[in-house]
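The listed protein sequences derive, respectively, from chains F and E. The numbers in the working numbering rise by one with no breaks, and the one at position 80 of the first sequence is 99. The numbers in the working numbering rise by one with no breaks, and the one at position 102 of the second sequence is 1131. Before any comments, here is the structure.
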Amino acid sequence: MNPNPAPNPAIGHNIVPKMTARDVNVFYGQKQAIKNVSIDVSSEHVTAFIGPSGCGKSTFLRCLNRMNDTVDGARVEGRIELDSQDIYAPAMDVVQLRARVGMVFQKPNPFPKSIYENVAYGPRIHGLARAKADMDNIVESALRRAGLWDEVKDRLAESGTAMSGGQQQRLCIARAIAVDPEVILMDEPCSALDPIATARIEELIDELRGRYAIVIVTHNMQQAARVSQKTAFFHLGTLVEYDDTSAIFTNPKATRTKDYITGRYG
Amino acid sequence: MKLLIAFALVLALAGLAYLAGRARAVRMTLAAGGRIGAVHSRPAYHGAYVAVLALAPALILLAGWGLMGEGVIEGRVLATLDAASQPAPGPDRAALMNEVRGLVAGDLPQAFNPLAPVLAPRYAATRANLDLLAGALAVALLCLGGLWGYSRIRPDFRARNRVESQVRALLLLASVVAILTTFGIVLSLIFESIRFFRLVSPIEFLTGLAWSPQTALRADQVGSTGAFGAVPLFWGTIFIGAIIAMAVAIPLGLMSAIYLTQYAQPRLRRWLKPVLELLAGVPTVVYGFFAALTVAPVVRQIAVALGMSDASSDSALAAGLVMGVMIIPFVSSMADDALTAVPRAMRDGSLAMGATMSETVKKVMVPAALPGIIGGVLLAVSRAIGETMIVVMAAGLAANLTANPFSSVTTVTTQIVALLTGDQEFDSAKTLSAFALGLVLFGMTLVLNIYALAVVKRYREAYE
Ligand SMILES: Nc1ncnc2c1ncn2[C@@H]1O[C@H](COP(=O)(O)OP(=O)(O)O)[C@@H](O)[C@H]1O
Ligand SMILES: [Mg+2]
């Protein structure tokens, strides 16, 4: 039986979803981490996943670009589509998928290479630039979109790991957008950052909205309220409620959501 | 023999001292009512304290006598001769004393030196007297030390703390022994090398291109000019250990580490990794026969097939190939550590960009682990150039300065073995050159090791 009988359309009937998930279950060995989750994600919005830690937000997020494939013992069931294509179908190439669905991690993880090479990494792998000048353009525009260009344009050859945490995270965002993905998944991208760096990233997310479908996992409810238009509340592996962010924060339908929003637990 | 009996006696007496001290402490503890704290240390500590006080001075005395007794006795025995018949110090004197000892022990039926039979009974008597004296002194010291320790047993005496610090001192001593020994070896290498460099200039040794350590016994001998230019040996060492062996070990070791860390199923890795590491335990002499008996003939056949009809059966290639195989586990385990130390986030970051596993390994994992891998390779090189058995068995003795892998070359270690085996005159330039070679080898491996460890350490810190 589906424990979430309430339908989760939430993005509005007139909007074509970018990604859809239906009855997704995820297991780590015997243990079930995600139970029957169905959700639609649109390009128009920033979608936030909130919920107490261990409720499966990261696990579900990793299903969307098949990063769970790299986890030993993880098994995903159900159907997940990107532009109506089943991403777990044999015909789907995971290399192509991950170029279309990028990811930014909790801890900034720039490669121990120069700033330039960090951003150029994806375009090189996917063969996006023919000449050096093309690559320079791609790198510059990714860094500009990530709001990092002015800070780093004179030191592109320096190591990406020698920057501040906030700059590293924006570099990781630049790296992700350099291949011009359609969806960007962010797993608690600010949890390792100070408030000022966090504010920069939040502004950036807002600037990127509309151009990419953005899904952000956060345990910080103010952050969810600030950056997202849609919010999904997860609890114990289930999707409890998915709605407009304003509705979730002002008028939650489920008691569990209300308890979480008001700080009763989490 | 007598010394052994004395040691046994001393140990037995120390055992008694332990028992006595412990018994006294037990009685004292009982008298104090057995509460915790009434007596500071438990009886065994009091016993151990008494035993240490008894044992230490006696053992030091006996050890000192064992080391220096011979010299004292020789001095006394020789002093009984008049000044005219004193043997010259040095070899003459040592030969005489050897004969005397041989006569006393009964190993030598007859002595050449007429003085020996005269001295033998004096030697025997002196030795017996002084040994007895040393034994008696040791027992006396033991009793004194034991009694003193016994008299210090009091409820508030901190025997435990004393024993603990004595144990600590013993542990420190144990750890210093290895260091001091190494230090001593290095010093003796340096001294012998200095003797060599009095005969042959360091410049000739380090830059000369001809190595032919046979020095002429007669002036008219041919082919024994005695050239000590060690460059061909250094080259052979580097050619085999750092070039050919590494050409085998680096790719194979690195690839096996990549497979084990990135691709192998955990179950496979669980047994494959120990098996690979087991290879490091194969005695090098076994690799040596493999090199000499199996690989070398094949290499020679290849050389002949390539048109080198005079190819030697000893070749740089055979020794280098086998040495490379020997070094694989070493390189792969260092590379494995370095790759494992790269945070998983690096790998995930690359995979999430759509990179395949092999792109991720090539472009992210290996570059990130490179300092650790280089450190491992340097350690492996230092091991390879110090390796002896394989090159002795398969590389040959001809000091050729050549880059042809099919020709025979020789290495520093092979030459040291050749120079020091068999009958040798101990102060010829030929023999002494072995020490100079040893010193250079030691210096090379030391520098490599220090540098490699520094590289590895800096890299570890980067990810801490
Ligand atoms: N690699 C894994 N192996 C086994 N269990 C895991 C693994 N990753 C996460 N889990 C478990 O799955 C559940 C959901 O984890 P996660 O998705 O990380 O939660 P969240 O991101 O919401 O904090 C947790 O109970 C966690 O212990
Ligand atoms: Mg998480």
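Note that the Cβ used here is the ideal one computed from N, Cα and C, for glycine as well.
Over what stretch of residues does the beta strand (DSSP E) that includes F:Gln-51 continue unbroken? 50-60
Under 8 Å, do F:Leu-204 and F:Gly-121 count as touching if we go by C-beta distance? yes
Please report whether the beta-carbon of E:Glu-982 lies at a distance below 8 Å from any beta-carbon of chain F. Outside the shown range of chain E (1030 to 1493) lies residue 982 of chain E, about which nothing can therefore be said.
Answer with buried or exposed for E:Ala-1364, where buried requires no fewer than 16 other C-beta atoms within 10 angstroms of its C-beta. buried
Using a Cβ-based criterion (distance less than 7 Å to any ligand heavy atom), does F:Lys-50 qualify as near ligand 2? no
Answer with buried or exposed for F:Asn-87, where buried requires no fewer than 16 other C-beta atoms within 10 angstroms of its C-beta. buried
In whole angstroms, what separates the C-alpha of F:Ser-210 from that of F:Lys-126? 8 Å
How far does the beta strand (DSSP E) with F:Gly-100 in it extend, from its first residue to its last? According to the sequence displayed, residue 100 of chain F carries Glu and not Gly. Here the beta strand (DSSP E) through F:Glu-100 covers 93-101.
Which runs of the alpha helix (DSSP H) fall wholly inside the segment 211-249 of chain F and span at least 4 residues, in chain order? 214-227, 240-246
Does at least one heavy atom of ligand 2 sit under 7 Å from the Cβ of F:Val-234? no
Lining residues of ligand 1 - beta-carbon closer than 5 Å to any non-hydrogen atom, in sequence order: F:Tyr-47, F:Ala-52, F:Ser-72, F:Gly-73, F:Cys-74, F:Gly-75, F:Lys-76, F:Ser-77, F:Thr-78, F:Val-90
Against chain E, which members of the segment 139-154 of chain F pass a CB distance test of less than 7 Å? Tyr-140, Gly-141, Ile-144, His-145
What is the rounded straight-line gap between the Cα of F:Met-38 and the Cα of F:Phe-79? 13 Å
Cα-Cα, which of E:Met-1473, E:Leu-1144, E:Ala-1256, E:Leu-1048 is closest to E:Ala-1113? E:Leu-1144
Tell me whether F:Glu-207, by its Cβ, gets closer than 7 Å to a heavy atom of ligand 2. yes
Quick one: Cα of F:Gln-51 to Cα of F:Ile-192, how far? 31 Å
As assigned by DSSP and simplified to three states, the class of E:Gly-1310: coil
For F:Arg-194, decide whether its Cβ has a neighbour in chain E, counting only Cβ atoms nearer than 8 Å. yes
Which residues in the same chain as F:Lys-272 place their Cβ atom closer than 7 Å to its Cβ, once the five residues preceding and following it in sequence are excluded? Glu-260
On the three-pair Cβ rule with 8 Å, is the segment 178-195 of chain F touching the segment 155-164 of chain F? yes
Inter-residue spacing [alpha-carbon to alpha-carbon] between E:Ala-1259 and E:Leu-1238: 7 Å
Could you give the distance in angstroms between the alpha-carbon of E:Leu-1281 and the alpha-carbon of E:Leu-1350? 12 Å
Would you mind reading off the limits of the beta strand (DSSP E) that contains F:Val-46? First, the residue type needs correcting, since residue 46 of chain F is Phe and not Val in the sequence shown. First-last of the beta strand (DSSP E) with F:Phe-46: 38-47.
Does DSSP put E:Tyr-1450 in a helix, a strand or coil? According to the sequence provided, residue 1450 of chain E is Thr. The question's Tyr does not apply to it. Three-state result, E:Thr-1450: coil.
CB-CB under 7 Å to E:Ile-1273, same chain, minus the five flanking residues each way: which ones, in chain order? Ala-1345, Leu-1346, Gly-1349, Leu-1350, Gly-1353, Pro-1434
Local Cβ density within 10 Å of E:Leu-1461, reported as buried at 16 or more and exposed below that: buried
Output the residue ranges of the alpha helix (DSSP H) runs that lie fully inside the segment 1407-1433 of chain E and measure 4 residues or longer, sorted by chain position. 1418-1423
Leaving out five residues on either side along the sequence, give the residues of the same chain with a beta carbon under 7 Å from the beta carbon of E:Gly-1076. Tyr-1047, Leu-1048, Gly-1050, Arg-1051, Ala-1054
Note down, in chain order, every chain E residue with its Cβ under 9 Å from the Cβ of F:Asp-206. By Cβ distance, chain E contributes nothing, its closest Cβ being about 10 Å from F:Asp-206, past 9 Å.
Tell me the rounded alpha-carbon separation between E:Arg-1130 and E:Val-1421. 39 Å
Is there a Cβ of chain F sitting closer than 8 Å to that of E:Glu-1416, yes or no? no
Over the uninterrupted beta strand (DSSP E) stretch that includes E:Phe-1435, give me the two end residues. Unbroken run through E:Phe-1435: none, as it is neither H nor E.
Amino acids of chain E, ordered along the chain, whose beta-carbon sits closer than 9 Å to that of F:Val-198: Met-1382, Gly-1383
Restricting to Cα atoms, I'd like to know which of E:Val-1476, E:Phe-1464, E:Arg-1376 is closest to F:Val-123. E:Arg-1376
I'd like to know if F:Thr-89 contacts chain E, where contact means its C-beta is closer than 8 Å to some C-beta of that chain. yes
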